[in-house]
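Undergrad: Residue numbers (the numbering used here): 636 to 812. Dropping a structure here in C-alpha cells format, bear with me for questions.
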C-alpha cells in the first residue's frame, strides 16, 4: 500500500523535473514523441540530448536521416519550441523566463500538485473500501479495521504534506530570478 502512495509522489516529482526553472535540463523533453521509422518513439530513445549553457539544449539524433522528424516533433509537441537544424544536430533555445511565464509555471505546478492529491484521495478511498469489505467478510475485527483506517489516514496526511512541500519548493524555485 505505501508503495502505491510512493509511486504517486515519484510521478509528481518526475512531472516537476520536466518544468523549466532557471537552467534548462533534458528532462523537459521526456514526453516528446518523434514519428520515425513508422512509429512514435520517445526523443530520448532516438538521440543524445545535452544542455549547452543554461538556456539551450542540443539534440543529436543517432540516425541523421531523422533530423527533420525530430525538428517537426519539437514544433508540433504543443509547446512554444523553436528548434533549428545546425548540421547534424538540432539546437533548441529557451529564452529567459518572463514574470508572466513564471506565474504560468507556478499555476501549472499547483495544478499538478492538486492532481497528485486527487490520486492520493482515490487511493485512500480504495484502501478504505478494502477495509470495509474485510470487516463485512469477518476477515478483520472492528478494532483492527479502525486501526487500519487510522493508519491509512496518517499515510494520506503524510503524502499530501509531501506533495505540498514539493510544490511549494518548486514554486519558490520558479519565482526566484
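Every residue, glycine too, gets a C-beta built ideally from N, C-alpha and C.
Nearest by alpha-carbon distance to residue 791: which of 747, 751, 707, 654 is it?
TA: Ranking 747, 751, 707, 654 by Cα distance to residue 791 puts 751 first.
Undergrad: Thinking C-beta only, is residue 701 closer than 8 Å to residue 692?
TA: The answer is no: Cβ separation not under 8 Å.
Undergrad: Over what stretch of residues does the alpha helix (DSSP H) that includes residue 709 continue unbroken?
TA: Unbroken alpha helix (DSSP H) run through residue 709: 702-711.
Undergrad: Would residue 709 pass as a contact of residue 727 if the rule is Cβ separation under 8 Å?
TA: Yes, the Cβ-Cβ distance between residue 709 and residue 727 is below 8 Å.
Undergrad: Alpha carbon to alpha carbon, how far is residue 733 from residue 786?
TA: Residue 733 and residue 786: Cα-Cα distance of roughly 44 Å.
Undergrad: Would residue 665 and residue 682 be called neighbours here (beta carbons separated by less than 8 Å)?
TA: Not closer than 8 Å, so no.
Undergrad: Please confirm whether residue 801 and residue 651 have their CB atoms less than 8 Å apart.
TA: Cβ distance < 8 Å, so residue 801 and residue 651 count as in contact.
Undergrad: One question on the structure: do residue 793 and residue 766 come within less than 8 Å of each other, judged by their Cβ atoms?
TA: No, the pair does not count as a contact, with Cβ atoms beyond the cut-off.
Undergrad: How would you call residue 672, buried or exposed, if buried means at least 16 neighbouring beta carbons within 10 angstroms?
TA: Residue 672 should be labelled exposed.
Undergrad: Specify the secondary structure class of residue 732 as computed by DSSP and reduced to three states.
TA: In this structure, residue 732 counts as coil in the three-state DSSP scheme.
Undergrad: Which residue from 804, 689, 796 puts its Cα closest to that of residue 641?
TA: The candidate whose alpha carbon is nearest that of residue 641 is 796.
Undergrad: Buried or exposed for residue 730, going by 16 or more other Cβ atoms inside 10 Å?
TA: Answer is exposed; the Cβ neighbour count stays below 16.
Undergrad: Confirm, please, whether the CB-CB distance from residue 758 to residue 639 is below 8 Å.
TA: It is a contact, given that the beta carbons lie within the stated cut-off.
Undergrad: Looking at the unbroken alpha helix (DSSP H) that takes in residue 665, where does it start and where does it end?
TA: No alpha helix (DSSP H) holds residue 665; DSSP gives it neither H nor E.
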